[in-house]
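When we follow the working numbering, the leftmost residue of the sequence shown carries the number 133, and every step to the right adds one.
Yeah, the Cβ is synthetic: ideal placement off N, Cα and C, and Gly gets one too.
First comes the structure, then the notes that go with it.
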Amino acid sequence: GQAVLDNNVQALAEISHKIEAGSEFIKQWVEDHGGTIISRGGDEVTFEMTEVHDEEEFLDHVEQMRADYAQMTGLTITIGVGASLSEAGKSLIAGKVLGKDILVRYEEHVEEVLQDAHSHAEAGEGSEEESKVDEAYLS
133 GQAVLDNNVQ ALAEISHKIE AGSEFIKQWV EDHGGTIISR GGDEVTFEMT
183 EVHDEEEFLD HVEQMRADYA QMTGLTITIG VGASLSEAGK SLIAGKVLGK
233 DILVRYEEHV EEVLQDAHSH AEAGEGSEEE SKVDEAYLS
């Protein structure tokens, strides 16, 4: 966003390259761990892991992948995890509201985060991220 507003072609190309490299890294990680890519474009990747035997161990692996991604690209990544596409999507949105650069597993608190974000935005008291998320996903 800022590179475009600054008319900085070099910065835009650099960030684009980092995002593409990060996306490829995640794709390879998913395939190496027996998963399937559902959707991949720009800075967003959706994947399914069908053979998770130990959820805590899996989350540790995902957290390590998140750290490796940040080290490789210099960028942060927010990850939502759930038993369904909807739960994972809600967890991702909650992670954005909670400040990004986080792994969020779907639990009851995710619904509360989303409801609070919507209420705050609707009342005109939402943070910039709450308002953005509300407009894009919750309204």
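{"Query": "Simplified DSSP assignment, three categories, for residue 154", "Result": "helix"}
{"Query": "Sequence-distant residues of the same chain with beta carbon closer than 8 Å to residue 153, five excluded per side", "Result": "204, 205"}
{"Query": "The segment 193-201 in contact with the segment 156-169 per 3-pair CB rule at 8 Å", "Result": "yes"}
{"Query": "Beta-carbon spacing of residue 261, residue 236 below 8 Å", "Result": "no"}
{"Query": "Ranges of the alpha helix (DSSP H) found wholly within the segment 220-255, counting only runs of at least 4", "Result": "240-254"}
{"Query": "Rounded C-alpha distance that separates residue 141 from residue 134", "Result": "11 Å"}
{"Query": "Residues near residue 143 by beta carbon distance below 6 Å, same chain, minus five either side", "Result": "135"}
{"Query": "Extent of the continuous beta strand (DSSP E) run through residue 178", "Result": "176-180"}
{"Query": "Bounding residues of the beta strand (DSSP E) (the contiguous stretch that carries residue 171)", "Result": "168-173"}
{"Query": "Reduced DSSP category for residue 147 - H, G, I as helix; E, B as strand; rest coil", "Result": "helix"}
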